[in-house]
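Per the numbering used here, the sequence shown starts with residue 1, numbered consecutively.
The structure appears right after this line, and notes come after that.
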Amino acid sequence: MTDPINLAYQGIDREFAAESASTRRRFVQGAAATLGGMGMLGLAATPAIAANDAQTILDIAATAEVLATIVNTVGAERLGSGARGRGRTDARGVADLLDNLGRLLGGDRDRRGDDEGLLGNRARLDEVTTRNIRAAARHELIHYDVLTGTLGAKPLAKRIWVPDAVFASPRGLLETLEVGDQIFINAYLIGTTVFGNAGNGTAARYTGEFMGVEAVHRALARQSLGKLGNDHAFMVYDFTEIETAVSLLQGAGFGFGAQGSSPGRFYEFDEVKLRTPNPSAVDARSVS
Numbered sequence: 001m002t003d004p005i006n007l008a009y010q011g012i013d014r015e016f017a018a019e020s021a022s023t024r025r026r027f028v029q030g031a032a033a034t035l036g037g038m039g040m041l042g043l044a045a046t047p048a049i050a051a052n053d054a055q056t057i058l059d060i061a062a063t064a065e066v067l068a069t070i071v072n073t074v075g076a077e078r079l080g081s082g083a084r085g086r087g088r089t090d091a092r093g094v095a096d097l098l099d100n101l102g103r104l105l106g107g108d109r110d111r112r113g114d115d116e117g118l119l120g121n122r123a124r125l126d127e128v129t130t131r132n133i134r135a136a137a138r139h140e141l142i143h144y145d146v147l148t149g150t151l152g153a154k155p156l157a158k159r160i161w162v163p164d165a166v167f168a169s170p171r172g173l174l175e176t177l178e179v180g181d182q183i184f185i186n187a188y189l190i191g192t193t194v195f196g197n198a199g200n201g202t203a204a205r206y207t208g209e210f211m212g213v214e215a216v217h218r219a220l221a222r223q224s225l226g227k228l229g230n231d232h233a234f235m236v237y238d239f240t241e242i243e244t245a246v247s248l249l250q251g252a253g254f255g256f257g258a259q260g261s262s263p264g265r266f267y268e269f270d271e272v273k274l275r276t277p278n279p280s281a282v283d284a285r286s287v288s
């Protein structure tokens, strides 16, 4: 039987192969602490967590949508064009977050957005970006509802640790969304592959529909950063084991049911979803 914790660690080694051994160890240590805190170390012998089986894919997807609903909802509240006051500023925390995200993005590749001055030192998102993020928050909640309702997914955690730096600046939020959406794209492509290979065309199409929306979210985040939004001719399929999605998010400082590796706080999904924006312009609210 395959050990899922080893799969996660192997995923980290692959994703950060160009980094130093000490950097890889830091991500592994953070993943180990979080997995242990959420009880996943004890699930190593559970068949449903041991491979890319359908239920594991759906459960991790639902967990990712919990995180995404929280980040988009709170991000729009804290940094949206109509928000009042200024969020907490932690220059070191923001720098560390951007450093982690830069590694997940592949070093300094295409980091020209800020250099071009689109964001500058703005404390708030512009109106169009705010509208996009508010709509994305609703998309993610709808995805969660379909995953847990129609498809029978069960999230691994609904109490999520989010680094404070995510909500400290527009750039921190937008780069978090860019990286997170790329991880979600890859995760849903795993689902499409697994369901397709199993002959379940309907489920494969569902994950394709989810993936398409995440690709739009990524493009809009990049555009708001001053980067080329439609930079990919094809969606990128970097990892093939669904547990890698969890380890990568943990590497960025998030925690699932336990404290993450970066300074932050817990957010309760069942509380946040009650105030998730619900723009009337959001349509196609069910899978085809």
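Think of the CB as a built atom: it goes at the ideal place given N, C-alpha and C, for glycine as much as any other residue.
Burial state of residue i (16 or more Cβ within 10 Å)
i    : result
N197 : exposed
E178 : buried
F234 : exposed
R154 : Correcting the residue identity first, residue 154 is Lys in this sequence and not Arg. By the neighbour-count rule (16 or more Cβ atoms within 10 Å), K154 is not buried but exposed.
G172 : buried
D164 : buried
D181 : buried
S286 : exposed
D283 : exposed
G117 : Annotation note: pLDDT 48 at G117 (below 50); position unreliable, no value reported.
S280 : exposed
S288 : exposed
G251 : buried
L228 : exposed
L225 : buried
L141 : buried
T202 : exposed
L274 : exposed
R103 : buried
Residue i, DSSP secondary structure in three states
i    : result
I49  : In this predicted model, I49 has a pLDDT of only 38, less than 50, meaning its place in the structure is not dependable; the value taken from the coordinates is given anyway. Here I49 sits in helix by DSSP.
I70  : helix
R131 : helix
H83  : According to the sequence shown, residue 83 is Ala rather than His. Note: A83 maps to coil in three-state DSSP.
T276 : coil
H232 : coil
V282 : coil
G107 : Summary for G107: the model assigns pLDDT 45, below 50, so the residue's position carries little reliability, and this model does not support an answer.
A123 : coil
D238 : coil
V166 : helix
I12  : Low local confidence applies: a pLDDT of 49 at I12 is under 50, so the model's placement there is unreliable, with the coordinate-based value given in what follows. Three-state DSSP puts I12 in a helix.
Where the alpha helix (DSSP H) through residue i begins and ends
i    : result
E268 : No alpha helix (DSSP H) holds E268; the beta strand (DSSP E) holding it covers G264 to E268.
R218 : G201 to S224
L177 : P170 to N197
L151 : It is not in any alpha helix (DSSP H) - L151 carries neither H nor E in the DSSP assignment.
E243 : E243 to G251
DSSP bridge partner residues for residue i (one or two, in chain order)
i    : result
I160 : F256 and Y267
Chain C within 8 Å of residue i, Cβ atoms only
i    : result
L220 : Judged by its chain identifiers, the structure shown contains no chain C, having just a single protein chain.
Taking contact to mean at least 3 C-beta pairs separated by less than 8 Å, is the region 64–74 in contact with the region 191–205? Judged by Cβ distances under 8 Å, the region 64–74 makes no contact with the region 191–205, as fewer than three pairs qualify.
Tell me whether the region 211–220 and the region 265–279 touch, counting them as touching only if at least three CB pairs, one residue from each stretch, are closer than 8 Å. Counting Cβ pairs under 8 Å, fewer than three are found: no touch.
Could you tell me whether the region 59–69 touches the region 140–153, where touching means 3 or more Cβ pairs closer than 8 Å? Flag = yes, the region 59–69 and the region 140–153 touch.
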